[in-house]
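Residue numbers (the working numbering): 8 to 327.
Where is the CB? At the ideal position from N, CA and C, for every residue including glycine.
These numbers come from a predicted model, not from an experiment.
Some notes on the structure that comes next.
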Ligand SMILES: NC(=O)c1ccc[n+]([C@@H]2O[C@H](COP(=O)([O-])OP(=O)(O)OC[C@H]3O[C@@H](n4cnc5c(N)ncnc54)[C@H](OP(=O)(O)O)[C@@H]3O)[C@@H](O)[C@H]2O)c1
């Protein structure tokens, strides 16, 4: 545990400190032998996650990192040597807002004089697909912020998070196995079972990749890091889930139309298009296809595979 208050230690400002990515970054830095001062942002210091961070020695700053609060956002990064930045698209499903807030964070860090920015970016899907898939708003918006960050002049690295392993058991995610009348489970997605996706236990492992960037002998300015534990075919994920849990579970490829009518119940109308595009894009281009994986020897430890995640997961609510 090396979170310190010593002024000689670099100060890392962490957005999303109470969340999965930012929380993972703080945990990874706390596990490092190198000392860090850490400032974590939240809108609510009374949250259990914020209180836990205080116990770890994190300086908690209460702030809403939105455009309307621009002056305070600038002040919030004062004195930081490095910053981890993430935006939360799924809280509002508004790409323009995500872009504006992402740019604001970069401007604020730049004004603070911090010398290293690590940003949780996304794949430029419209660009990669030559305009074929234009509804991946939450990836394209992050990619635009990446472009902005790279042009800003501050040393800037993008660490993209892969598909969360946590999406499997999460309520309302389509990768969640659904119980059938005969007690077996079905996972329905509009993709072939051979479609390969990168998977990440975001809470346990995302921070490893950020730490590796921060502690690299030379800050890899301008690079993109693809953070994932393994790439795995959807059918294999489901087969491993069945083997690990001892439940009968099969993958079923459904049509885009069936998929859209299923997800319409729990995402805004425009995001129904995004979810359909994600599926087709993954099948056609793969996710993080163009990125060299980080060699596990460079990380503080090896990230988890899907099977390792599934083995320690509490699936009881799913089986109830
Ligand atoms: N699901 C996936 O497979 C996946 C994969 C890759 C990337 N992503 C992306 O990951 C991002 C979400 O990251 P996450 O999973 O770490 O989120 P999360 O666990 O839901 O946490 C969100 C964090 O953002 C903070 N936050 C949100 N709005 C804020 C505001 N206005 N001011 C200050 N802090 C704010 C929250 O702080 P407080 O609530 O404490 O204020 C919280 O710490 C999304 O943009 C999503 O698109 C998701």
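Which residues in the same chain have their Cβ closer than 8 Å to the Cβ of residue 50, if we skip the five residues on either side of it in sequence? On the chain shown, position 43 is the one that residue 50 refers to. If the five residues before and after residue 50 are omitted, its C-beta is found closer than 8 Å to the C-beta atoms of 69, 70 and 71, all from its own chain and listed in chain order.
Endpoints, beta strand (DSSP E) assigned at residue 67: Along the chain shown, one-based indexing puts residue 67 at 60. Taken as a continuous stretch (DSSP letters only), the beta strand (DSSP E) holding residue 67 covers 66 to 69.
Do residue 207 and residue 155 have their beta-carbon atoms positioned less than 9 Å apart in this structure? For the purposes of this step, residue 155 is identified with residue 148 of the chain shown, where counting begins at 1. For the purposes of this step, residue 207 is identified with residue 200 of the chain shown, where counting begins at 1. Their beta carbons are not under 9 Å apart, which means residue 155 does not touch residue 207 by this criterion.
Where does residue 238 sit, in a helix, a strand or coil, going by DSSP? Within the chain shown, the letter at position 231 stands for residue 238. Three-state DSSP puts residue 238 in a strand.
Please work out which residues of its chain come closer than 7 Å, Cβ to Cβ, to residue 312, disregarding the five sequence neighbours upstream and downstream, and give them in chain order. Here residue 312 corresponds to residue number 305 of the chain shown, with the count starting at 1. 236 and 237.
Residue burial classification, residue 149 (beta-carbon count within 10 angstroms, cutoff 16): Translated into the one-based positions of the chain shown, residue 149 becomes position 142. Buried: at least 16 other Cβ atoms inside 10 Å.
Rounded to the nearest angstrom, how far is the Cβ of residue 17 from that of residue 44, given a contact under 8 Å? Position 10 of the chain shown holds residue 17. Position 37 of the chain shown holds residue 44. With 8 Å as the limit, residue 17 and residue 44 qualify as a contact, their Cβ atoms being about 7 Å apart.
Own chain residues within Cβ distance below 6 Å of residue 146, not counting five before or after: Residue mapping note: residue 146 aligns to position 139 of the chain shown, counting from 1. Only 129, 130 and 132 meet the Cβ criterion.
Cβ-heavy atom distance, residue 50 to ligand 1, below 8 Å: In the chain shown, the residue the question calls residue 50 occupies position 43. Within the cutoff, so yes.
Compute the minimum distance between the beta carbon of residue 239 and the heavy atoms of ligand 1, and state whether it is under 8 Å. Within the chain shown, numbered from 1, the residue matching residue 239 stands at position 232. Checking every heavy atom of ligand 1 against the Cβ of residue 239, none is found closer than 8 Å.
Residue 258 - containing beta strand (DSSP E), residue span: Your numbering for residue 258 matches position 251 in the chain shown. Residues 256 to 260.
The beta strand (DSSP E) enclosing residue 322, as first and last residue numbers: As a working mapping, residue 322 is identified with position 315 in the chain shown. Element bounds for residue 322: n/a, residue is neither H nor E.
Measure the alpha-carbon distance for residue 306 versus residue 216 and round it to whole angstroms. Residue mapping note: residue 306 aligns to position 299 of the chain shown, counting from 1. Residue mapping note: residue 216 aligns to position 209 of the chain shown, counting from 1. Going by the C-alpha atoms only, they are around 7 Å apart.
Beta-carbon separation of residue 232 and residue 301 under 9 Å? Residue numbering aside, residue 232 sits at position 225 when the chain shown is read from its first letter. Residue numbering aside, residue 301 sits at position 294 when the chain shown is read from its first letter. Taking C-beta atoms as the reference points, residue 232 and residue 301 count as a pair closer than 9 Å.
From what residue to what residue does the alpha helix (DSSP H) around residue 150 run? Here residue 150 refers to the residue found at position 143 of the chain shown. Residue 150 -> alpha helix (DSSP H) spans 144 to 158.
So, with DSSP's three-state summary, where would you put residue 206? By one-based count along the chain shown, residue 206 stands at place 199. Strand.
Going by the C-beta, is residue 70 closer than 8 Å to any heavy atom of ligand 1? The residue labelled residue 70 in the question sits at position 63 within the chain shown. Remark: the C-beta of residue 70 is in contact range of ligand 1, defined as less than 8 Å to any heavy atom.
Could you please give the first and the last residue of the uninterrupted beta strand (DSSP E) stretch that includes residue 167? By one-based count along the chain shown, residue 167 stands at place 160. Run containing residue 167: 163 to 168, per the beta strand (DSSP E) assignment.
Alpha carbon to alpha carbon, what distance is there between residue 12 and residue 289? Counting from one through the chain shown, the residue named residue 289 turns up at place 282. Counting from one through the chain shown, the residue named residue 12 turns up at place 5. Cα-Cα distance, rounded: 44 Å.
Which residues DSSP lists as bridging residue 20, in chain order: Along the chain shown, read from residue 1 onward, the residue named residue 20 stands at position 13. In DSSP, residue 20 forms a bridge with 46 and 90.
Would you grab the beta carbon distance between residue 56 and residue 30 for me? Rounded to a whole angstrom, and I think it's under 8 Å. Walking along the chain shown from the start, residue 56 turns up at place 49. Walking along the chain shown from the start, residue 30 turns up at place 23. Yes, residue 56 and residue 30 are in contact; Cβ-Cβ is about 7 Å, under 8 Å.
Does DSSP put residue 100 in a helix, in a strand, or in coil? Taking the chain shown and counting its residues from 1, the one referred to as residue 100 is at position 93. Residue state, collapsed to three classes: coil.
Per DSSP, cross-strand counterpart(s) of residue 233: One-based indexing of the chain shown puts residue 233 at position 226. Its beta-bridge partners are 167.
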